[in-house]
Structure formats: C-alpha cells, structure tokens
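Take a look at the structure set out below.
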Amino acid sequence: MSGTHRIRLAGPWQFTVTTSGPDAISDAVEQQRCQLPFPADDVQRKAFSDGVILTRRFHRPTGLTAGHRVSMMFRGIHPTACHLNRESVDIDAICDESLPGSPTARVDLTGCLSDFNIISVQLPAGSSMEPGDLNNQCLESVWLEIDESSVS
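For what it's worth, the working numbering labels the leading residue of the sequence shown as 204, then goes sequentially.
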C-alpha cells in the first residue's frame, strides 16, 4: 500500500484555562468539552491571559505497524507545547502561507503511539478569542497523517 492516510481529530476535545509555565499541561484539571475549530461558538470568547490546554483521547489506528510514519498535523494557531501520554513531544513549525489551508505545525509520533493515547496541546497565552478572528487565532483542525509509502 502507498500514499498518505488522514484521520481527523475533530472532537470531542476538552479544554481548560490554566496558568502559564512548564507544568501547565500536567496541572490542567477543570476541563470543559469543545469541538474544533477552537474557540467554537459554545466557548465563551474572551482574551485568555493564561494558557489554554486542549486534550483529546484517541485509539491507535488499526493496522498501524512499525513501518508507518505517523505525524499529528495542526492547522491554525501554533501550539506552544504538546504532550503525548504525558510525555513532551517536539513541535515542528511548517507554516507555508502560500498554500491556503496548509498545516502550521507537525508532531512526529512515529513509534510513540500506545493502544490508547492522550494528546495535550497548549495554546499561547493571551491569544485573541474574538468572534470572526479565525486567522491563526484559533486551532482550526488537527489530524493524524499516516505515511504508508514506506510499508512493504
């Protein structure tokens, strides 16, 4: 099999406003449900002076093998931190404004997924959450991208 397979992670997500700092993701406790794009209409719109943590649970995709390259792709605001199963993972900026709708960040998850996973994403403190301000001021979409070209 060859090509790229995408799995949308639209929702449900959980969000919480938390204090900024290196332990912000692990300290997030009071969560509310939301969908992407975040902020959505069901979320109170205001300027968050502290960080916002989005969390989502998901299962390991069926048929995934060690030969599959797996990335989590983000479109919209660039996350400041990301944890998979409570372990910090690096975020690569891939912003290409010449391609409308292209992803803005990527996290390489190759070899990192368990049968059951929890992803936590921290959005920048002070992000504008004004209605209609969707240009890089919200997390528009997140998806898993599975590269099947290296699998024989």
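All C-beta atoms in this analysis are idealised placements derived from N, C-alpha and C, irrespective of residue type, glycine included. Keep in mind it's a predicted model, so treat the numbers as computed, not measured.
*asked:* Tell me which residues share the same chain as Asp245 and place their Cβ nearer than 6 angstroms to its Cβ, disregarding the 5 neighbours each side in the sequence.
replied: Confidence at Asp245 is low in this model, with a pLDDT of 39, below 50, so the placement of that residue is unreliable and no value is reported for it.
*Should the stretch 283–300 be regarded as contacting the stretch 343–354, the criterion being three or more beta carbon pairs within less than 8 angstroms?*
The stretch 283–300, when compared against the stretch 343–354, does not touch it at the 8 angstroms Cβ threshold.
*Quick one: is Pro306 buried, meaning 16 or more other Cβ sit within 10 Å of its Cβ, or exposed?*
Here Pro306 is buried: its Cβ has 16 or more other Cβ atoms, across all protein chains shown, within 10 Å.
_Whole angstroms are fine: how far does the CA of Leu347 sit from the CA of Ile280?_
Each residue's Cα considered, the two are about 17 angstroms apart.
*So, is Ser271 buried or exposed, given that buried needs 16 or more other C-beta atoms within 10 angstroms?*
The sequence shown places His at residue 271, rather than the Ser named in the question. By the neighbour-count rule (16 or more Cβ atoms within 10 Å), His271 is buried.
*With DSSP collapsed to three states, give me the class of Leu312.*
Looking at Leu312 - three-state DSSP - the assignment turns out to be coil, as it is neither helix nor strand.
_Outcome for Thr219 when other beta-carbon atoms lying within 10 angstroms are tallied against a minimum of 16_ = Buried is the call here.
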